[in-house]
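Below is one structure, written out as structure tokens; the observations come after it.
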Amino acid sequence: MSSQSDLTARARIRDAAIDLFADRGIARATIRDIALEAGVSSGLLRHHFGSKEGLRDACDEFSVNELAAAGARFIELPTLDRVRPEWLRMQRYLLASLADGSPTAEALFDRLVDYGEQWLRSTDLDVPDPRAWSAVMCVMKMSLFTMSAQLSRVLGTDVTEPAGWARMLAASVDIFSKPLVTPEQAEQLREAVARFRFAAEGEQS
Numbered sequence: 001m002s003s004q005s006d007l008t009a010r011a012r013i014r015d016a017a018i019d020l021f022a023d024r025g026i027a028r029a030t031i032r033d034i035a036l037e038a039g040v041s042s043g044l045l046r047h048h049f050g051s052k053e054g055l056r057d058a059c060d061e062f063s064v065n066e067l068a069a070a071g072a073r074f075i076e077l078p079t080l081d082r083v084r085p086e087w088l089r090m091q092r093y094l095l096a097s098l099a100d101g102s103p104t105a106e107a108l109f110d111r112l113v114d115y116g117e118q119w120l121r122s123t124d125l126d127v128p129d130p131r132a133w134s135a136v137m138c139v140m141k142m143s144l145f146t147m148s149a150q151l152s153r154v155l156g157t158d159v160t161e162p163a164g165w166a167r168m169l170a171a172s173v174d175i176f177s178k179p180l181v182t183p184e185q186a187e188q189l190r191e192a193v194a195r196f197r198f199a200a201e202g203e204q205s
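Encoded structure:
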């Protein structure tokens with residue numbers, strides 16, 4: 001069993017990796033840099049995680065679980081004191097992890113979509129295609145960070161920093177809390193999309 005000091009070192013390494021992976025990207029953040037940031041030796045890093053890929057897997061696991069738990073707590077009791085600056089750090093990390101196009105990144109995206117489906121089933125939302133809903137929602141949320149430079153320029157504040165991120169979150173809350181179409185319009189749109197899909201599938205057959 002690891003001692004408390006081992007556990008603390010492991011957490012420091014993981015947190016340093018999340019920061020450097022988010023800032024530099026997965027490929028450019030080296031084991032040596034991460035160990036230096038955490039204040040440990042490269043050997044201790046390898047002792048805890050085995051390799052850079054093992055460390056990345058641990059960062060993926062931690063970030064996904066933390067954000068999922070935080071989201072669940074916020075939904076149950078949506079008060080401002082439940083919004084934490086470290087959410088931004090983990091979201092930026094996940095974007096960096098997803099962006100490298102590796103099999104690990106693909107597996108991470110699949111996992112996020114799976115989590116979205118699980119969350120959807122726990123609600124009373126009536127969605128005909130839960131898989132598509134979850135996948136599109138994941139991409140929409142990630143676009144806030146992939147387009148962060150453009151958002152920051154238009155808003156006049158860096159949305160990758162806490163103040164700008166808070167402004168972006170507030171706008172997101174406003175968007176999701178107000179229906180953009182009426183139920184009647186939504187039904188008309190669904191019917192139009194269904195006709196388009198039927199025609200497209202007919203052309204392919």
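Throughout the sequence shown, residue numbering follows UniProt numbering, covering 1 to 205 in sequence. Glycine residues also receive a C-beta, built at the ideal position from the N, C-alpha and C atoms.
Which of the three DSSP states, helix, strand or coil, is assigned to residue i?
{"i": "Pro128", "result": "coil"}
{"i": "Thr146", "result": "helix"}
{"i": "Gly202", "result": "helix"}
{"i": "Ser172", "result": "helix"}
{"i": "Leu180", "result": "coil"}
{"i": "Phe74", "result": "Residue placement at Phe74 cannot be trusted, given a pLDDT of 47 that sits under 50; the coordinates are not used to answer."}
Do residue i and residue j have their CB atoms nearer than 8 Å?
{"i": "Cys60", "j": "Ser102", "result": "One point to set straight first is that residue 60 is Asp, not Cys, in the sequence displayed. Not a contact, by the Cβ cut-off of 8 Å."}
{"i": "Val173", "j": "Trp165", "result": "no"}
{"i": "Leu155", "j": "Leu144", "result": "no"}
{"i": "Arg14", "j": "Phe62", "result": "yes"}
{"i": "Trp133", "j": "Val139", "result": "no"}
{"i": "Ile34", "j": "Ala11", "result": "no"}
{"i": "Arg32", "j": "Ser42", "result": "yes"}
{"i": "Leu95", "j": "Thr157", "result": "no"}
{"i": "Met90", "j": "Leu108", "result": "no"}
{"i": "Ala9", "j": "Leu44", "result": "yes"}
{"i": "Ala22", "j": "Arg92", "result": "yes"}
{"i": "Asp100", "j": "Gly25", "result": "yes"}
{"i": "Val113", "j": "Ala135", "result": "yes"}
{"i": "Leu189", "j": "Val181", "result": "yes"}
{"i": "Phe49", "j": "Ala58", "result": "yes"}
So with Cβ pairs under 8 Å, would you call residue i a contact of chain B?
{"i": "Ile18", "result": "Given the protein chain composition of this structure (a single chain), no chain B is represented."}
Where do the N-terminal and C-terminal ends of the alpha helix (DSSP H) with residue i fall, by residue?
{"i": "Glu161", "result": "Here Glu161 belongs to no alpha helix (DSSP H), and DSSP marks it neither H nor E."}
{"i": "Pro103", "result": "103 to 121"}
With a 10 Å radius around its C-beta and 16 neighbouring C-beta atoms as the bar for buried, classify residue i as buried or exposed.
{"i": "Ala27", "result": "exposed"}
{"i": "Ser177", "result": "exposed"}
{"i": "Gln204", "result": "exposed"}
{"i": "Leu80", "result": "Here Leu80 scores only 47 on pLDDT, less than 50, and its place in the model is too uncertain to base an answer on."}
{"i": "Gly116", "result": "buried"}
{"i": "Ala192", "result": "exposed"}
{"i": "Leu88", "result": "buried"}
{"i": "Ile18", "result": "buried"}
{"i": "Ala29", "result": "buried"}
Original post:
If you scan the UniProt domain "HTH tetR-type" (7 to 67) from start to end, which runs of the alpha helix (DSSP H) of 4 or more residues do you find wholly inside it?
Top reply: Whole alpha helix (DSSP H) segments, 4+ residues: 31 to 38, 42 to 49.
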